[in-house]
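>
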Ligand SMILES: NC(=O)c1ccc[n+]([C@@H]2O[C@H](COP(=O)([O-])OP(=O)(O)OC[C@H]3O[C@@H](n4cnc5c(N)ncnc54)[C@H](O)[C@@H]3O)[C@@H](O)[C@H]2O)c1
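Residue numbers (UniProt numbering): 1 to 123.
1. Got a sec: does ligand 1 put a non-hydrogen atom nearer than 7 Å to the Cβ of residue 36?
2. Considering only heavy atoms of ligand 1, does any lie closer than 7 Å to the CB of residue 10?
3. Counting only runs that start and end within the region 59-95, where is the alpha helix (DSSP H) found for 4 or more residues in a row?
4. Closer than 7 Å to a non-hydrogen atom of ligand 1 - does that hold for the CB of residue 92?
5. With distances taken Cα to Cα, identify the nearest neighbour of residue 37 among 25, 83, 56.
6. Would you say the beta carbon of residue 59 comes nearer than 7 Å to a heavy atom of ligand 1?
7. Return the CA-CA distance between residue 159 and residue 93, expressed in angstroms with no decimal places.
8. Does the distance from the CB of residue 70 to the CB of residue 6 come in under 8 Å?
9. Return yes when the Cβ of residue 21 is within less than 8 Å of the Cβ of residue 31, no when it is not.
10. Are residue 68 and residue 8 closer than 8 Å when you measure CB to CB?
11. Could you say which of 48, 76, 13, 78 lies nearest to residue 25 if we only look at CA atoms?
Rendered as structure tokens:
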């Protein structure tokens, strides 16, 4: 029998990420749900079931990406990685503070960069 494939969803403690995780589990993947809010990720993994598990993971942290990639690769063939974690602020962009803009760029940009680095090292 084939080993079940794994899937990683970042920012999966709630919202769109949680729903993506649910659907990946329903499709037969073992899902690793990660979030900067580790308690939310843990609750979400329990809710998703099907062998899902969780990790506290800030996507701005390269070492966190490495750890998540290593866990996912150790659990089975890694089939899916969803870079869902991100910050979206409503309202006019010119009304956002400098700190808010820096945070958006930091989280949304480092998510992609750290993913490729981690998988490149782990492959
Ligand atoms: N909801 C929308 O209408 C919409 C539209 C376009 C794009 N998006 C994008 O889709 C994604 C999910 O949207 P959502 O509405 O479910 O958002 P949400 O704010 O409800 O959930 C985002 C999750 O990401 C986590 N997160 C935030 N910063 C993080 C970090 N540094 N590291 C790890 N996790 C972090 C949060 O804890 C939260 O659980 C986001 O990237 C968002 O920008 C959403």
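Glycine included, each C-beta is placed from N, C-alpha and C at the ideal position. This one's a predicted model, so the numbers in the text were calculated from it and none came from an experiment.
Checking against the coordinates, here is how it stands:
1. For the purposes of this step, residue 36 is taken as residue 36 along the chain shown, with counting starting at 1. The answer is yes for residue 36.
2. Working through the chain shown from its first residue, we reach residue 10 at position 10. Flag set: Cβ of residue 10 near ligand 1.
3. Runs of the alpha helix (DSSP H) inside the region 59-95: 62-75.
4. Within the chain shown, the letter at position 92 stands for residue 92. Distance from the C-beta of residue 92 to the nearest heavy atom of ligand 1 is not below 7 Å.
5. The residue you call residue 37 lines up with position 37 of the chain shown. Per the Cα distances, 56.
6. One-based indexing of the chain shown puts residue 59 at position 59. Result yes, Cβ under 7 Å from ligand 1.
7. No answer is possible for residue 159: it lies beyond the span of the chain, which begins at 1 and ends at 123.
8. Translated into positions along the chain shown, residue 70 becomes position 70. Translated into positions along the chain shown, residue 6 becomes position 6. Contact flag unset, no.
9. Looking up residue 31 in the chain shown gives position 31. Looking up residue 21 in the chain shown gives position 21. Judged by their CB atoms, residue 31 and residue 21 are nearer to each other than the 8 Å cut-off.
10. By one-based count along the chain shown, residue 68 stands at place 68. By one-based count along the chain shown, residue 8 stands at place 8. With a cutoff of 8 Å on beta-carbon distance, residue 68 and residue 8 are scored as near each other.
11. As a first step, residue 25 is located in the chain shown; it is residue number 25 there, counting from the start. Of the listed residues, the one whose Cα sits closest to residue 25 is 48.
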